[in-house]
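Enquirer:
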Amino acid sequence: MTEFLHYLTLPYLLDGIVFTLRLTAMGFVGGMILGLLLAAMQLTRFRALTWAARAYVTLYRGTPLILQLVFVFSVLPRAGIVLSPLAAGGLALALNEAVFFAEIFRSGVKGVDPGQVAAGRALGLRPALLMRRVVAPQALRSMVPSLGSEAVATMKNSALASIIAVPELTLRTQQLASATFDYFEIYFATAVMYLVLTAALTLVQLAVERALDLDRPARASLRGWIGRRGRAGTATSVAEPDPRRVPDRTDSGLGSAARLTQADPPPRSFGEALIEAYGLRKSYGENEVLRGIDLQVREGEVIALLGPSGSGKSTLLRCLNHLEGLDGGAVLVGGTAIGYGDRGGELVERHVARQRVEAGVGMVFQQFNLFHHLTARENVAAPLRWVHGWSREEAAARADELLAQVGMSHRADALPRHMSGGQQQRVGIARALASHPKVLLLDEPTSALDPELVAEVLGVIQGLARQGGLTMIIATHQLRFAREVADRVVFMADGVVVEQGTAEQVIGDPQVEATRRFVRAMDSAEV
C-alpha cells in the first residue's frame, strides 16, 4: 500500500497526466471543430460535399486508430510535414474523433422536431438564425451525454499515442514498470489516475446537463421572476389560477377574443384580392396532391377549407407561403410571388424568409409546433426580436397582450411540455398574430386536440374572425364552426376544388356527390 501511494504522487507519472490531458484536449477540441464541419457537409443540399464527408467518415471509422497514429507520425514526414510526437498524436486523435463527433452533431440536429423548423420558416427566420436560435439549443441538450462519453473515449484513446513515443501516462507507466518491476502497484496507481480523470469529465458532463435543464427549479424561478418584471424594472403581480377551480365553459379563460363570440358580428366588407393562386400543382413522387388549384381570397375574407383527409388542404396552405415548393402554377400574396424572384427563378431560403415577413403571412400548425425550449411568453416574443428587430421590452409587452387575449396569461412562464394541447394551440395562435400579419393560415388547428379542448381553441379563432379585418384561411373538419365563421367555404377532394360558395350553399345544399358524402359523415360525427 505504501508503494501504491508513492506511485500515485510520483512526479514522473504526474507529468504523464499533463501530457494525457494535453492530448485529450487536442483530440477533443480538434475533433469537435472538424466534426462540426463534417456534420454540416452531410446536412447540406450540395451532394458533392455530402459524399466527400461520408467518404471521410467511412475511411476513418473503418481503420484502427493505431494505424492512423503511425500514418501521421511516420508517413507525413515523407511529404515534408514533420510534427513532434505530441502534435502528431493530437492531430491523429482529432482526425479520428471527428467522425464520431460528426455523427453526434448530425443526429442531434436531425432529432429536433421538423415541425419546429417549419414553424421557424413560417415566422420568417433565415436558415442561419433558425439553426442558431431554435435547432442548436435543443440539439445541444440532447447531445451532452454523448459528448461527455466521447470526451472519456478520447482520453482513453490517448493511451495509444504511446506507440509513437508521446510521454503520456501510459508510456511512462510502461517505462516505470520495466525499470522497477513493480507491475501491480504501478498499473493499479495508473488505473486510479485514469479513473479520477474520467470521473472529473463525467462530473463536468453532469454539470452541463444540469445547467441546460429547462425544468430545474432554480431556472424556473428565475424565468418566472424575469417574466414578472415590468418595463420600469418593478415587479408586477400575476395571479396564479386556483387548481381547485373548475373552469367555466362560458369564458374558459379565453379573454376578449372569445367573448366577442357572444356579440353580434360587425358588418363584413372585403377588399381587393390578397391571395391569388393559379393552376397550383404539387406532387410527392408518384402521388399528385394538388392537381390544378385556382383560388382567390379577398382582403378581410375568412375561408374555410373543407375536405376529407388526403384531399390536399394542408399542402395547399403550405404552398401558399412556400413552405412547400410548387411543381406548377403560381401564387401571389399581396402581389408577391413568395419563393420566386422577378424573373421567375426560385429563391434561396434566406430570401424567401424575408418575402414571408414582407407579405405578412402567419401560420398556425396542426401539431402546435411551439419551440420546446422556450416558455409561452418567449415563443411569442422571441420571433419579434429575432426577425422584426423589436426591443426586448416591446416584444414582451406584445406577448403579454396576446397571451391575455387568448386566455394564457397564467401560463406565460410555462414550457410547452407543461401545457395541455389546447393551451399550446392558443399560444401558437398568439405567436402567429404577434407581428400583425395580413393573412393567417390555420392548418387543422383542432385535429390534434382531445374533444373537450376543441371548443376553447375554436372560441379563440371565432373571436378573431368576428373582429374582422384579418384575412384567414382555415383548413378544418368542423362544419358547425365553418358555418359560423366562414364567409366562403371551399370544398376539396383528390387535389382539386370541387365546390365553393357560402356555408349555406356548400354545407346546407351541396351540389356535388363528394361534398354530400362528406357533409353527411361530418354531421353524423358532430351529433
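Letter by letter, the sequence shown follows residues 243 to 769 in the numbering used here. All C-beta atoms in this analysis are idealised placements derived from N, C-alpha and C, irrespective of residue type, glycine included.
To the nearest whole angstrom, what separates the beta carbons of Leu691 and Gln667, a pair I think is in contact under 8 Å?
Expert: Taking the sequence shown and counting its residues from 1, the one referred to as residue 691 is at position 449. Taking the sequence shown and counting its residues from 1, the one referred to as residue 667 is at position 425. Rounded, the Cβ-Cβ distance is 7 Å, consistent with contact.
Enquirer: Distance, Cα to Cα, Gly542 vs Gln704?
Expert: As a first step, residue 542 must be located in the sequence shown, where it is residue number 300. As a first step, residue 704 must be located in the sequence shown, where it is residue number 462. Going from the Cα of Gly542 to the Cα of Gln704 covers about 14 Å.
Enquirer: Please classify Tyr425: does DSSP put it in a helix, a strand, or coil?
Expert: Taking the first residue of the sequence shown as 1, we reach residue 425 at position 183. Of the three classes helix, strand and coil, the one that applies to Tyr425 here is helix, per DSSP.
Enquirer: With a threshold of 6 Å on Cβ separation, who are the neighbours of Gly184 within its own chain once the five nearest residues in sequence on each side are excluded?
Expert: Residue numbering for the chain in the displayed model covers 243 to 769; residue 184 lies beyond these limits and cannot be assessed.
Enquirer: On a CA-only basis, which of Ile405, Leu247, Gln284 and Arg368 is nearest Val312? Give me that one, please.
Expert: Mapped onto the sequence shown, residue 312 falls at position 70. A check of alpha carbon separations from Val312 across Ile405, Leu247, Gln284 and Arg368 identifies Ile405 as the nearest.
Enquirer: Output the distance between the C-alpha atoms of Met714 and Leu721, rounded to the nearest integer angstrom.
Expert: Taking the sequence shown and counting its residues from 1, the one referred to as residue 714 is at position 472. Taking the sequence shown and counting its residues from 1, the one referred to as residue 721 is at position 479. Answer to the nearest angstrom: the Cα atoms are 16 Å apart.
Enquirer: Note the first and the last residue of the continuous alpha helix (DSSP H) segment covering Tyr526.
Expert: Counted from its first residue, the sequence shown places residue 526 at position 284. Tyr526 -> not in any alpha helix (DSSP H); beta strand (DSSP E) instead, spanning Ala515 to Tyr526.
Enquirer: For the putative contact between Thr286 and Thr292, defined by C-beta atoms under 8 Å, what is the C-beta separation to the nearest angstrom?
Expert: Position 44 of the sequence shown, counted from the start, is the residue given in the question as residue 286. Position 50 of the sequence shown, counted from the start, is the residue given in the question as residue 292. With a Cβ gap of about 6 Å, Thr286 and Thr292 count as contacting.
Enquirer: Rounded to whole angstroms, what is the Cα-Cα separation between Pro658 and Leu616?
Expert: By one-based count along the sequence shown, residue 658 stands at place 416. By one-based count along the sequence shown, residue 616 stands at place 374. Whole-angstrom Cα-Cα distance: 8 Å.
Enquirer: Rank Ser326, Val739 and Arg762 by C-alpha distance to the C-alpha of Ser553 and give the top, closest one.
Expert: As a working note, residue 553 is residue 311 in the sequence shown. Of the listed residues, the one whose Cα sits closest to Ser553 is Val739.
Enquirer: Which of the three DSSP states, helix, strand or coil, is assigned to Arg585?
Expert: By one-based count along the sequence shown, residue 585 stands at place 343. Of the three classes helix, strand and coil, the one that applies to Arg585 here is coil, per DSSP.
Enquirer: Whole angstroms are fine: how far does the CA of Pro369 sit from the CA of Leu418?
Expert: Locating residue 418 in the sequence shown gives position 176, counting from the first residue. Locating residue 369 in the sequence shown gives position 127, counting from the first residue. Whole-angstrom Cα-Cα distance: 55 Å.
Enquirer: When DSSP labels each residue in this structure, what does Ile749 get in the three-state scheme?
Expert: Position 507 of the sequence shown, counted from the first residue, corresponds to residue 749. Reduced to three states, the DSSP call for Ile749 is helix.
Enquirer: Are there 16 or more other CB atoms within 10 angstroms of the CB of Pro327, so buried, or fewer, so exposed?
Expert: Counting from one through the sequence shown, the residue named residue 327 turns up at place 85. Flag for Pro327 reads buried.
Enquirer: Short of 6 Å in beta carbon distance, which residues of its chain neighbour Val314, apart from the five on each side in sequence? Order them along the chain.
Expert: To locate residue 314, count along the sequence shown from 1; it is residue 72. Same-chain partners within the cutoff: Ala330, Leu333 and Ala334.
Enquirer: Verify whether the separation of the beta carbon atoms of Pro687 and Gly602 is less than 8 Å.
Expert: What you label residue 687 is simply residue 445 of the sequence shown in a count that begins at 1. What you label residue 602 is simply residue 360 of the sequence shown in a count that begins at 1. The answer is no: Cβ separation not under 8 Å.
Enquirer: Report the residue from Glu643, Val696 and Met605 whose alpha carbon sits nearest the alpha carbon of Leu682.
Expert: As a working mapping, residue 682 is identified with position 440 in the sequence shown. Considering only alpha carbons, the answer is Met605.
Enquirer: Determine the direct distance from the alpha carbon of Ala735 to that of His719, and round the result to whole angstroms.
Expert: Here residue 719 refers to the residue found at position 477 when the sequence shown is read from its first residue. Here residue 735 refers to the residue found at position 493 when the sequence shown is read from its first residue. Cα-Cα distance, rounded: 13 Å.
Enquirer: Let me confirm a value: Gly583 is counted as buried when at least 16 other C-beta atoms fall within 10 Å, else exposed. Which label applies?
Expert: Taking the sequence shown and counting its residues from 1, one reaches residue 583 at position 341. Exposed is the call here.
Enquirer: Tell me whether Asn338 sits in a helix, a strand or coil according to DSSP, three-state version.
Expert: What you label residue 338 is simply residue 96 of the sequence shown in a count that begins at 1. Asn338 falls in the helix class under three-state DSSP.
Enquirer: How many angstroms separate the CA atom of Gly631 from the CA atom of Ser677?
Expert: Locating residue 631 in the sequence shown gives position 389, where the first residue counts as 1. Locating residue 677 in the sequence shown gives position 435, where the first residue counts as 1. Straight-line Cα distance between these residues: approximately 11 Å.
Enquirer: Exposed or buried, Leu502, counting other C-beta atoms within 10 Å across all chains shown (16 or more means buried)?
Expert: Working through the sequence shown from its first residue, we reach residue 502 at position 260. With a pLDDT of 35 at Leu502, under the threshold of 50, the modelled position of that residue is not reliable, and the figure given next carries that caveat. Classification for Leu502: buried.
Enquirer: Assign Asp736 to one of three DSSP states: helix, strand, or coil.
Expert: Here residue 736 corresponds to residue number 494 of the sequence shown, with the count starting at 1. Looking at Asp736 - three-state DSSP - the assignment turns out to be coil, as it is neither helix nor strand.
Enquirer: Alpha carbon to alpha carbon, how far is Phe342 from Gly277?
Expert: On the sequence shown, residue 342 is found 100 positions in, with the first residue counted as 1. On the sequence shown, residue 277 is found 35 positions in, with the first residue counted as 1. Approximately 7 Å between the Cα atoms of the pair.
Enquirer: Given a threshold of 16 other Cβ atoms within 10 Å of its Cβ, counted over all protein chains shown, does Leu537 qualify as buried or as exposed?
Expert: As a first step, residue 537 is located in the sequence shown; it is residue number 295 there, counting from the start. Of the residues assessed, Leu537 falls on the buried side of the cut-off, its CB having 16 or more other CB atoms within 10 angstroms.
Enquirer: Look at the alpha carbon of Asp685 and the alpha carbon of Ala344, and state the distance between them as a whole number of angstroms.
Expert: Looking up residue 685 in the sequence shown gives position 443. Looking up residue 344 in the sequence shown gives position 102. Distance between the alpha carbons of Asp685 and Ala344: 36 Å.
Enquirer: Please list the terminal residues of the continuous alpha helix (DSSP H) segment that includes Ile259.
Expert: Locating residue 259 in the sequence shown gives position 17, where the first residue counts as 1. Segment Pro253 to Leu285, the alpha helix (DSSP H) holding Ile259.
Enquirer: Between Arg414 and Leu255, what straight-line distance do the alpha-carbon atoms span, to the nearest angstrom?
Expert: Your numbering for residue 414 matches position 172 in the sequence shown. Your numbering for residue 255 matches position 13 in the sequence shown. Whole-angstrom Cα-Cα distance: 6 Å.
Enquirer: Would you kindly work out how many angstroms separate the C-alpha atoms of Ala707 and Val727, rounded to a whole number?
Expert: Counted from its first residue, the sequence shown places residue 707 at position 465. Counted from its first residue, the sequence shown places residue 727 at position 485. So the alpha carbons of these two residues sit roughly 6 Å apart.
Enquirer: In angstroms with no decimal places, state the Cα-to-Cα distance between Pro590 and Gln609.
Expert: Reading the sequence shown from its first residue, position 348 is the one you call residue 590. Reading the sequence shown from its first residue, position 367 is the one you call residue 609. Pro is not the amino acid found at residue 590; the sequence shown has Val there. Distance between the alpha carbons of Val590 and Gln609: 26 Å.
Enquirer: In angstroms, rounded to a whole number, what distance separates the CA positions of Phe772 and Asn621?
Expert: Look at the range of the chain in this structure, 243 to 769, and you will see that residue 772 is not part of it.
Enquirer: So, with DSSP's three-state summary, where would you put Asn529?
Expert: By 1-based counting over the sequence shown, the position of residue 529 is 287. It is a strand residue.
Enquirer: Tyr526: buried (16+ other C-beta within 10 angstroms of its C-beta) or exposed?
Expert: Residue numbering aside, residue 526 sits at position 284 when the sequence shown is read from its first letter. The residue is exposed, with fewer than 16 neighbouring Cβ atoms inside 10 Å.
Enquirer: Do you know how far the Cα of Met435 is from the Cα of Thr262?
Expert: Looking up residue 262 in the sequence shown gives position 20. Looking up residue 435 in the sequence shown gives position 193. Taking the straight line joining both Cα atoms gives about 11 Å.
Enquirer: Where do the N-terminal and C-terminal ends of the alpha helix (DSSP H) with Ala618 fall, by residue?
Expert: For this step, residue 618 is matched to residue 376 along the sequence shown. It spans Ala618 to His630 - the alpha helix (DSSP H) in which Ala618 sits, taken as one unbroken run.
Enquirer: In this structure, does DSSP put Met661 in helix, strand or coil?
Expert: Against the sequence shown, residue 661 aligns to sequence position 419. In this structure, Met661 counts as coil in the three-state DSSP scheme.
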